[in-house]
Amino acid sequence: MRFPGLVDVHVHLRVPGTEHKEDYHTGTAAALAGGFTTLLAMPNTQPPLVTLQDWRIAQTRAQKESLCDVFLFAGASAAHIHELPTLAEHTPALKVYMDATYGPLRVQGLSTLSSIMQTWPSDKVIALHAEGESVAVGIAMAAIYRRLVHFCHVSRKNEIELIADAKARGLPVTCEVTPHHLFLTQADAARLGPLTDMRPRLASQSDVDALWQHLNSTIDCIASDHAPHTLAEKAQADPPPGIPGLESTLPLMLTAAAEGRVSYERLLELLYHNPRRIFKLPAQSDTTIEVDEKASYIFPDHPLYTKCGWSPFTGCKMTGRLISVIFKGKEIFRDGKVLPTKP
Ligand code: DOR
Ligand code: ZN
Ligand code: ZN
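Structure below.
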C-alpha cells in the first residue's frame, strides 16, 4: 500500500541546546524510519525559539542538517510579544505553553495570553499545550478573537468532548492526539515507571475509550509528540517528562487499522491531509511511502534511529511495516535502513 510522505505536526528535536537527546540528523532519520517526510518541531529548546534571531539560526541549521523537511514553531513568551508580528511572517505557527511541562517556556496570566491571541494573525494557527480547564480558556480565545486555535495532545474525555462541542458550534478549533494516549493508560504508567512520565500524563481507560470514539470525527491529526530524553535522565530522581514516538506512531496506527479500529483512508486524513491543511504546508513532489500492511513483527524490527535509543513500545506486536520511503524522487529508506544521502 502506498501513501504520501506523512506529516508529524508535533516533535521535539532538541536543537539548540540539548543535542545529546536528539539533533536534526538523528531526529529526521527517525522520522523517515517512521514514514514521516515533514516535521513541525517545537520551540521549547535552549534557548527557546521566541525571537526572530534565535528562530532563524535554528531554522537555517534545520535546513542544513535534516534529512527531510522540518518547519520550526515560534514560541510565545511574555517578554517577547513584540517579536510576534515578524515571527508570524516566517514561521508556520506559534506554540503557547499554558501549563507546566519540560523546560521553562510558559505563558501565565490572562492579560499576557489575550495579548498574544490578538497579536498573532487570526488566520495562522496558535497551538496550545492546554490541559483541563486551560482547554476551555483556549476555546474562549478562539471564540472571542475569532482565531485559529489548535489543541496539542488532547488526552482526556472531558477535553475532547468540549472540543467536539466547540466544533459543533462552528468555532475555528482543531486538535491532535498522540498514539501514547491512544494505546497506553495509567496502568501502563504504573508498570513502566518514569519511562512513561509525560505531559499530559497517561489517562484512564475511559479517557482512552473517549479518544477512540472521537477518532473519526473530532480529532484532526495524529501527532507523535516525539519527546526524547536519555535512559540515564529517565532514571534520575526527578525524570524529565516525555517519550520518543517518531518510529512507533505509524506501526501502532497501521496495527489499529489492521484490527479494524480505524480505516486506512482515515489514517491518511489524520497523518497527511489534515496536518497539511491546518498548518498550510507545501506539497512535496514525488514523495511517497510504501507499507506492507499485513506484515506482523515485534517492534522494533531494526535498530531505532532516535538518539535516545529506547521506546515504550519495545516488544509490542505490530501489524503493518514501513518498506520504503521516496523523498523528492530519491529512495531514502528501505528495509529498516535510512540510506546514505547528502542532507
Ligand atoms: O511530556 C512532554 N515532554 N510534554 C511536553 O509538553 C514537552 C515534552 C518535552 O519537551 O520533553
Ligand atoms: Zn505539550
Ligand atoms: Zn510536545
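Per the numbering used here, numbering of the sequence shown is gapless, rising by one per residue and ending at 372. Built from N, CA and C at the ideal position, the CB exists for glycine as well. Note that the structure is predicted; figures quoted are calculated from it, not measured.
- Three-state secondary structure (DSSP) at M347? For the purposes of this step, residue 347 is taken as the residue at position 318 of the sequence shown. M347 falls in the strand class under three-state DSSP.
- Message: Pop quiz: T336 and P257 are said to be a contact at Cβ under 8 Å. What is the actual Cβ separation, rounded to whole angstroms?
- Response: Within the sequence shown, the letter at position 307 stands for residue 336. Within the sequence shown, the letter at position 228 stands for residue 257. With the sequence shown as reference, residue 336 is identified as Lys, and Thr is not the correct amino acid for it. Yes, K336 and P257 are in contact; Cβ-Cβ is about 6 Å, under 8 Å.
- Task: Identify whether L221 lies in helix, strand or coil by the three-state DSSP scheme.
- Result: By one-based count along the sequence shown, residue 221 stands at place 192. Three-state result, L221: helix.
- Query: Does the Cβ of H210 have 16 or more other Cβ atoms within 10 Å, making it buried, or fewer, making it exposed?
  - Reply: Locating residue 210 in the sequence shown gives position 181, where the first residue counts as 1. It counts as buried.
- Message: For C204, list the residues DSSP reports as bridge partners.
- Response: Mapped onto the sequence shown, residue 204 falls at position 175. Beta-bridge pairing links C204 to F180.
- Task: Report the three-state DSSP secondary structure of S144 (helix, strand or coil).
- Result: Taking the first residue of the sequence shown as 1, we reach residue 144 at position 115. In this structure, S144 counts as helix in the three-state DSSP scheme.
- Under 6 Å Cβ to Cβ from M146, same chain only, skipping five residues before and after it: list those, please. Here residue 146 is taken as the residue at index 117 of the sequence shown, counted from 1. Closer than 6 Å at Cβ, skipping near neighbours: M170 and Y174.
- Query: So, is H111 buried or exposed, given that buried needs 16 or more other C-beta atoms within 10 angstroms?
  - Reply: On the sequence shown, position 82 is the one that residue 111 refers to. The residue in question, H111, is exposed, as its Cβ has fewer than 16 Cβ neighbours within 10 Å.
- Closest by CA to P377, which one among A59, A239 and W241? Residue coverage of the chain in this structure runs from 30 to 372, which leaves residue 377 outside it and unanswerable.
- Return the first residue and the last residue of the beta strand (DSSP E) that H39 is part of. Within the sequence shown, the letter at position 10 stands for residue 39. Annotation: the continuous beta strand (DSSP E) that includes H39 extends over L35 to V40.
- A261 classed as buried or exposed, judged by whether at least 16 other C-beta atoms fall within 10 angstroms: Taking the sequence shown and counting its residues from 1, the one referred to as residue 261 is at position 232. Flag for A261 reads exposed.
- Message: On the DSSP letters alone, give me the boundaries of the alpha helix (DSSP H) that H255 sits inside.
- Response: Here the question's residue 255 lines up with position 226 in the sequence shown. H255 -> no alpha helix (DSSP H), and no H or E assigned at all.
- Message: I'd like to know whether the C-beta atoms of A105 and V125 end up nearer to each other than 7 Å.
- Response: Taking the sequence shown and counting its residues from 1, one reaches residue 105 at position 76. Taking the sequence shown and counting its residues from 1, one reaches residue 125 at position 96. The answer is yes: Cβ separation under 7 Å.
- Please report the residue range of the beta strand (DSSP E) in which Y126 lies. Looking up residue 126 in the sequence shown gives position 97. First-last of the beta strand (DSSP E) with Y126: L123 to Y126.
- Query: When you compare each of V237, R90, V36 and S253 to S184 by their alpha carbons, which one comes out closest?
  - Reply: As a first step, residue 184 must be located in the sequence shown, where it is residue number 155. Comparing Cα positions, the closest option is V237.
- Message: Need the endpoints of the beta strand (DSSP E) that S325 sits in, please.
- Response: The residue given as residue 325 occupies position 296 in the sequence shown. Run containing S325: T317 to I327, per the beta strand (DSSP E) assignment.
- Message: Here's a check: name, in chain order, each residue in its chain whose Cβ is nearer than 7 Å to the Cβ of V154, leaving out the five neighbours to either side.
- Response: In the sequence shown, the residue the question calls residue 154 occupies position 125. Around V154: A122, L177, H179, I307 and F308.
- Among the residues of its own chain, which have a CB less than 6 Å from the CB of E51, if the five just before and after it don't count? Translated into positions along the sequence shown, residue 51 becomes position 22. Excluding residues within five positions, the ones whose Cβ falls inside 6 Å are L42, R43, P257 and K336.
- Task: Could you pull out every residue in the same chain whose Cβ sits closer than 7 Å to the Cβ of T130, ignoring the five residues on either side in sequence?
- Result: Here residue 130 corresponds to residue number 101 of the sequence shown, with the count starting at 1. Once the five neighbours on either side are set aside, the close Cβ partners of T130 are H158, R228 and P270.
- Which class does H302 belong to by DSSP, given the choice of helix, strand or coil? As a working mapping, residue 302 is identified with position 273 in the sequence shown. Helix.
- Query: Looking only at its own chain, which residues have a Cβ that is under 6 Å from the Cβ of P76, when we skip the five neighbours before and after it?
  - Reply: On the sequence shown, residue 76 is found 47 positions in, with the first residue counted as 1. Around P76: D83.
- Query: Looking at C-beta atoms only, is the number of pairs between the region 218-226 and the region 189-205 that lie closer than 8 Å three or more?
  - Reply: Counting Cβ pairs under 8 Å, fewer than three are found: no touch.
- Query: How about H29: is its Cβ closer than 6 Å to a heavy atom in ligand 2?
  - Reply: A question about residue 29 goes unanswered here, because the residues of the chain that appear run from 30 up to 372.
- Boundaries of the beta strand (DSSP E) in which E360 is found, first to last residue: Looking up residue 360 in the sequence shown gives position 331. Counting along the chain, the beta strand (DSSP E) containing E360 begins and ends at K359 to R363.
- Message: Please report the straight-line C-alpha distance between A70 and V38, rounded to a whole angstrom.
- Response: Translated into positions along the sequence shown, residue 70 becomes position 41. Translated into positions along the sequence shown, residue 38 becomes position 9. So the two alpha carbons sit approximately 7 Å from each other.
- Message: Considering only heavy atoms of ligand 2, does any lie closer than 6 Å to the CB of C204?
- Response: Within the sequence shown, residue 204 is the residue found at index 175, counting from 1. C204 Cβ: outside cutoff for every heavy atom of ligand 2.
- Message: So, for L281: in the same chain, excluding its five sequence neighbours on each side, which residues have a beta-carbon less than 6 Å away from its beta-carbon?
- Response: Indexing the sequence shown from 1 puts residue 281 at position 252. Taken in chain order, the residues that qualify are P208 and F212.
- Query: Ordered along the chain, which non-local residues of its own chain (more than five positions away) have a Cβ less than 6 Å from that of S277?
  - Reply: Counted from its first residue, the sequence shown places residue 277 at position 248. Short of 6 Å from the beta carbon of S277, and not among the five residues preceding or following it, lie these beta carbons of its own chain, in chain order: S340 and F342.
- Roughly how many angstroms separate the alpha carbons of D315 and Q234, rounded to a whole number? To locate residue 315, count along the sequence shown from 1; it is residue 286. To locate residue 234, count along the sequence shown from 1; it is residue 205. Distance between the alpha carbons of D315 and Q234: 41 Å.
- Task: Can you have a look at I374 and say buried or exposed, based on whether 16 or more other CB atoms are within 10 angstroms of its CB?
- Result: Nothing can be reported for residue 374, as the shown portion of the chain is limited to 30 through 372.
- Look at E188 and V164 and say whether their C-beta atoms are less than 7 Å apart. Your numbering for residue 188 matches position 159 in the sequence shown. Your numbering for residue 164 matches position 135 in the sequence shown. Against a cut-off of 7 Å, the Cβ pair of V164 and E188 comes out as a contact.
- Message: Tell me the DSSP secondary structure of K263 in three-state form.
- Response: As a first step, residue 263 is located in the sequence shown; it is residue number 234 there, counting from the start. It is helical.
- Message: Any heavy atom of ligand 2 inside 6 Å of the beta-carbon of T57?
- Response: The residue given as residue 57 occupies position 28 in the sequence shown. No, ligand 2 has no heavy atom inside 6 Å of this Cβ.
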